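So for the sequence shown, this note's numbering puts the first residue at 106; every next one is plus one.
C-beta: ideal position from N, C-alpha, C; glycine also.
The model shown is predicted, which means the values in this text are computed figures rather than measured ones.
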Amino acid sequence: MSTRRKFLQQGVLSSAGMLATGKLLQAANPAPAVTGGTKPIVISTWNFAKAANAAAWTVLSNNGHALDAVETGVKVPEGDPLVRSVGYGGIPDRDGRVTLDACIMDDKYNCGSVMCLEYIKHPISVARLIMEKTPHIILTGEGALRFALAHGFKKENLLTEWSENYWKEWLKKSNYSPVKNIENQLYDKTNDPMPGGKENHDTIGMLALDQQGRLSGACTTSGLSFKMQGRVGDSPIIGAGLYVDPEVGGATATGVGEEVIRIVGSHLIVELMRQGRSPEIACKEAVERIISRNPAKAKDIQVGFLAMNRNGEYGAYALQTGFTFHVRSNAEDQFHTAKNIY
Ligand code: GLY
């Protein structure tokens, strides 16, 4: 069965299950155009977002800084070997190497980024240290690793047995074809009341607004499975995978990074919000921009955007169905499904 057919079938089955239980109907509803408007609040992408937001919330609910919240939050999937698209346990590149990309941005236009980093479980913390301790914004590969080791990070093997076996299976055909939403077969979703619970693709992008109104964001990923050695996606590129402007709001991206980079997606969304669009409409226009660049390609890939303005109103939009995000505030603690074009 084709990946697409299998994916659609799973969507139908999980929807039927939700209708049967009834209790998940609220989570299955698309988020309305303008939601939120409270602080503190944290939002992040995909089904690992609930645990990540819970960790971020421990910082926000104690009157902590949004920057600490997003770093603390995204470290959860980074350290979870069952999340195979972020940090430890991430699926390797075609040479069997786990290479990680991450970036972070605070409420004062400070930012830090790390690209193609190996052996370090928490690239987001390296990105933060680059932001805080160097005159630079981006460190890559070997230089980034040397910097991390010099600052006390531990060198670890990030390739789990499962990921290594998965890579060896892939090597038999070596067929590179990104799928829209990756099914994470070992993810324990027993207690995970999210729609389409098997879909666990890609990057975590997180945006937080703290009690003082400070906005920060973080974005971290192992990138596309079986990418070429040295390939960097949108996630560590300030303006593409993440952008935060304290005067306006922030945005983050997930999906096929090349298409996000082409439109500088997160910066575009922030600029659209500056012009008065709601977060959801800004995300929708960014998705439409991707389609306008290459309609034939856009039909076959997934890209999702998530945004929040400085008032804590949030929204999302995706090319394809299946893009979920989670929101934690005093008003809610739940998943939403982004609206989509196809
Ligand atoms: N959005 C993640 C990547 O393309 O690497």
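The region 307-321 contacting the region 209-216, beta-carbon criterion three pairs below 8 Å: yes
Do H431 and Q425 have their beta-carbon atoms positioned less than 8 Å apart in this structure? no
Straight-line Cα distance separating H441 from P300: Confidence at P300 is low in this model, with a pLDDT of 33, below 50, so the placement of that residue should be treated as unreliable; the coordinate-derived value is given next. Taking the straight line joining both Cα atoms gives about 8 Å.
Among I229, G141, P145 and Y271, which residue has its Cα nearest to the Cα of G194? Y271
Quick one: any contact between the region 387-403 and the region 174-185, if contact means 3 or more CB pairs under 8 Å? no
Three-state secondary structure (DSSP) of T265: coil
Tell me V147's beta-bridge partners as DSSP assigns them. A313 and R433
Tell me whether L129 is buried or exposed, calling it buried when 16 or more other Cβ atoms sit within 10 Å of its Cβ. Its pLDDT being 34, under 50, L129 is placed unreliably by the model, and the measurement read from it follows with that caveat. So L129 counts as buried.
Please tell me whether, using a cut-off of 7 Å, the distance from the CB of S371 to the nearest non-hydrogen atom of ligand 1 is below it. no
Just to confirm my understanding: we take Q131, look at its own chain, exclude 5 residues before and 5 after, and list those with CB closer than 8 Å. What are they? Because Q131 sits at a pLDDT of 38, beneath the cut-off of 50, its placement in the model cannot be relied upon, and the following sentence gives the value as read from the coordinates. Excluding positions up to five away in sequence, the list reads Q439.
Distance cut-off 7 Å: T204 Cβ against heavy atoms of ligand 1: no
N- and C-terminal bounds of the beta strand (DSSP E) containing A93: Any property of residue 93 remains undetermined from this structure, which presents the chain solely from 106 to 447.
Counting pairs of beta carbons, one from the region 403-415 and one from the region 352-363, are three or more of them closer than 8 Å? yes
Does DSSP put Y419 in a helix, a strand or coil? strand
With DSSP as the reference, please indicate the residues paired to C221 in a beta bridge. According to DSSP, which records beta bridges pairwise, C221 is partnered with nothing at all.
Counting by C-beta, which residues lie closer than 6 Å to a heavy atom of ligand 1, in chain order? D307, T308, T326, G328, L329, G338, D339, S340, T359, G360, V361 and G362
Which residue wins for smallest C-alpha separation from H227, given the options D350, Q380, T239 and A249? A249
Whose C-beta lies closer than 6 Å to the C-beta of A253 among residues of the same chain, with five residues either side of it excluded? I225 and V231
Using a 10 Å radius around the Cβ and a threshold of 16 neighbouring Cβ atoms, would you call M333 buried or exposed? exposed
Taking the CB atoms as reference points, tell me whether A403 and G370 lie closer together than 8 Å. no
Contact criterion: CB-CB distance below 8 Å. Does G355 meet it with respect to chain B? The displayed structure is made up of one protein chain only, and chain B is not part of it.
Which value, in whole angstroms, describes the spacing of the CA atoms of A401 and Y447? 12 Å
Look at A255 and A161 and say whether their C-beta atoms are less than 8 Å apart. no
DSSP has Q407 in a bridge; who is on the other side? Beta-bridge pairing links Q407 to no other residue.
CB-CB length for G420 against M311, believed under 8 Å: No, G420 and M311 are not in contact; Cβ-Cβ is about 15 Å, not under 8 Å.
Please report the straight-line C-alpha distance between M378 and A207, rounded to a whole angstrom. 24 Å
Less than 8 Å between the beta carbons of E364 and V408, yes or no? yes
Can you tell me the Cα-Cα spacing of A436 and I374, whole angstroms? 25 Å
Quick one, are the C-beta atoms of G141 and E418 less than 8 Å apart? yes
Please report the distance separating the alpha-carbon of L329 from that of D315. 31 Å
Quick one: which unbroken beta strand (DSSP E) runs of 3-plus residues sit fully inside the region 321-377? Chain order, please. 347-350 and 354-360
Quick check on S397: buried or exposed, where buried means 16 or more other Cβ atoms within 10 Å of its Cβ? exposed
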